[in-house]
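Novice: Following this message is one structure expressed as structure tokens.
Number of protein chains: 2
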Amino acid sequence: MQTGSGDQAARRPHTGRRRNEAARRAILDVVVDLIGRDDDAPVTIDTIAAAAGVGKQTIYRWWPSKGAVLLEAMTERADLDIPPSDTGTLAGDLEAFLRATFRLAGQATMARLLRKVMVEAQLDPQMGEATRSFLARRRSALRGLFERAAERGETAPGTDPDLLVDQAFGVLWYRILVGHAPLTEASAAELAGALTAQAVRRAPGEPG
Amino acid sequence: MQTGSGDQAARRPHTGRRRNEAARRAILDVVVDLIGRDDDAPVTIDTIAAAAGVGKQTIYRWWPSKGAVLLEAMTERADLDIPPSDTGTLAGDLEAFLRATFRLAGQATMARLLRKVMVEAQLDPQMGEATRSFLARRRSALRGLFERAAERGETAPGTDPDLLVDQAFGVLWYRILVGHAPLTEASAAELAGALTAQAVRRAPGEPG
DNA sequence: TACTTGACGAGACTCTTAGTCTCGGCAATG
DNA sequence: CATTGCCGAGACTAAGAGTCTCGTCAAGTA
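Going down the list, the protein sequences come from chains Y and V. Throughout the first sequence, residue numbering follows full-length UniProt numbering, covering 1 to 208 in sequence. Throughout the second sequence, residue numbering follows full-length UniProt numbering, covering 1 to 208 in sequence.
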């Protein structure tokens, strides 16, 4: 996500003052902290910079836009809190994966962060690309579970892993963005069961 | 969606000049037209007013926000182009419903309109409520198909219609917002088959 | 016909916020 | 100890949503 003069390191040895790592951490942490607050305090570049004790230019030196900061804060946590699952069965893998995913995304702070990132992704094409890339990694992780199950011969032939993946993340994002129903671990487990059933069997009369 | 002095009509007979219906239509049509253009012309209140040959105040007299105009333009078309389906079977109803829905939402202009509405819904709580209310109507229409099937005894006991509905609309919105895969009628049909399979049977070992 | 009411187009105005630019200062390298 | 480049601070620009006001126009009422 970093831009700025980072690529000059390839051309010649670095001189001058180095990046302040404490400032980087403060910025990312403050973003999550501000978003997590109950008062709907506006999360603007100015409030982030002020709360992090940092100049605005320090933010723009390392990130191309406000959305990019939000995305990195989000990515950091998502990559952390969702461990790969390998229980040996599709049902087990799927339930573990979706439980962890829904647990994280169901937290109020994380949900708000996800919403903001998705908004920025719609507003700025560069952010759209970056977000798409992050989400592609998440989809790939989930698709892996179905593909392993297919290799084991667990799933019916003709099963479309991409559709199954979109059904899972679709429920997640739809609920986060619309807010008509909560993301609970119970619903994650129920969804896991439904998708397992879908992958393992076919509708009556359908080939395969 | 209208506000302004509309509620005064209840208190006393209307006097003075009436609302210009041609202006209303021009505004809603111009919104769709501007959004549909290939050049990513910004769809701002000023450009809408100018293109519709209307003063900004005329917009704000009848809609509370820009998002509300977008939402009404979207609602108008959605309520129109998705007929209720009643083929007698869940598979048939579901496929007809999802085909019509994906066909409409898959059009470039409509997809962009949906994206913008969803963004506004995230940015403004009042818009969030209005959007939620529209989406609730759409969910209710789809849920009706599953409930009718349940009355016919077509679905397995323990089937959760709300989860099925969220899977369907989840795929739609997820694909629209992320843009990694198109909304085709073929995928609508495939999804309809998958959800039918899910509702009709249960995973092995699960009760019901 | 004359009066009243409220919508109309036009456009100036305020406010918020993202992002840029410039400053004097400071830390790492050589 | 000179150069380089990051630092915090804050002024500045630009875009866009929403408000306010003005003179005008149309639909009823007397």
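The beta carbon of each residue, even a glycine, is placed where N, CA and C say it ideally should be.
1. So with CB distances below 8 angstroms, who are the chain Y contacts of Glu-190/V?
2. Less than 7 angstroms between the beta carbons of Ala-194/Y and Glu-95/Y, yes or no?
3. Who are the neighbours of Met-118/Y on chain V, taking C-beta pairs under 7 angstroms?
4. So, helix, strand or coil for Arg-17/V, using DSSP?
5. Taking only beta-carbon atoms, is Val-171/Y less than 7 angstroms away from chain V?
6. Taking contact to mean at least 3 C-beta pairs separated by less than 8 angstroms, is the stretch 166-181 of chain V in contact with the stretch 173-183 of chain Y?
7. Can you check whether the CB of Arg-115/Y is closer than 7 angstroms to the CB of Gln-122/V?
8. Determine the extent of the alpha helix (DSSP H) in which Ile-48/V is found, giving its start and end residues.
9. Suppose contacts are defined by Cβ-Cβ distances below 7 angstroms. Is Gly-67/V in contact with Glu-151/V by that definition?
10. Name the chain Y residues that come within less than 7 angstroms of Asp-194/V, Cβ to Cβ?
11. Taking C-beta pairs closer than 7 angstroms, name the residues in chain Y that Gln-167/V reaches, listed in chain order.
12. Tell me which same chain residues have a C-beta within less than 6 angstroms of the C-beta of Asp-38/Y, skipping the five on either side of it?
13. To be precise: take each residue of the stretch 94-126 of chain V, compare its Cβ to all Cβ atoms of chain Y, and keep it if any distance is under 8 angstroms. Which residues remain?
14. Could you check the C-alpha separation between Thr-131/Y and Arg-137/Y for me, to the nearest Å?
15. Just checking: is the beta-carbon of Tyr-174/Y within a distance shorter than 7 angstroms of some beta-carbon in chain V?
16. List, in chain order, every chain V residue whose beta-carbon is nearer than 8 angstroms to that of Ser-187/Y.
17. So the alpha helix (DSSP H) Glu-154/V belongs to, where does it begin and stop?
18. Shorter than 7 angstroms from the beta carbon of Gln-8/Y to some beta carbon of chain V?
19. Could you pull out every residue in the same chain whose Cβ sits closer than 6 angstroms to the Cβ of Ala-188/V, ignoring the five residues on either side in sequence?
20. Between Phe-146/Y and Pro-125/Y, is the Cβ-Cβ spacing less than 7 angstroms?
21. For Gly-67/V, which three-state DSSP category applies?
22. Ala-51/Y and Val-32/Y - do their beta-carbons sit closer together than 7 angstroms?
23. Residues of chain Y with CB closer than 9 angstroms to the CB of Arg-132/V, please, in chain order.
24. For a contact defined as C-beta to C-beta under 7 angstroms, what are the partners of Ala-136/Y on chain V?
25. Should Asp-166/Y go down as buried or exposed, given a rule of 16 or more other Cβ atoms within 10 Å for buried?
Specialist: Considering the structure as presented:
1. Asp-160 and Leu-163
2. With contacts defined as CB atoms closer than 7 angstroms, Ala-194/Y and Glu-95/Y fail to qualify as a contacting pair.
3. Leu-177
4. coil
5. yes
6. yes
7. A contact, by the Cβ cut-off of 7 angstroms.
8. 45-52
9. no
10. In the sequence on display, residue 194/V carries Ala and not Asp. Under the 7 angstroms cutoff, chain Y gives Leu-163 and Gln-198.
11. Gln-167, Gly-170 and Val-171
12. Correct list: empty, nothing qualifies.
13. So the list reads Arg-115, Lys-116, Met-118, Val-119, Ala-121, Gln-122 and Leu-123, given in the order they occur along the chain.
14. The alpha-carbon atoms of Thr-131/Y and Arg-137/Y are separated by roughly 10 angstroms.
15. yes
16. Leu-163
17. Counting along the chain, Glu-154/V falls outside any alpha helix (DSSP H), and DSSP gives it neither H nor E.
18. Confidence is the limiting factor: at Gln-8/Y the pLDDT is only 38, short of 50, which leaves the residue's position unreliable and the question unanswerable from this model.
19. Leu-98, Arg-99 and Phe-102
20. no
21. When DSSP states are grouped into helix, strand and coil, Gly-67/V belongs to the helix group.
22. no
23. Val-178, Gly-179 and His-180
24. His-180
25. buried
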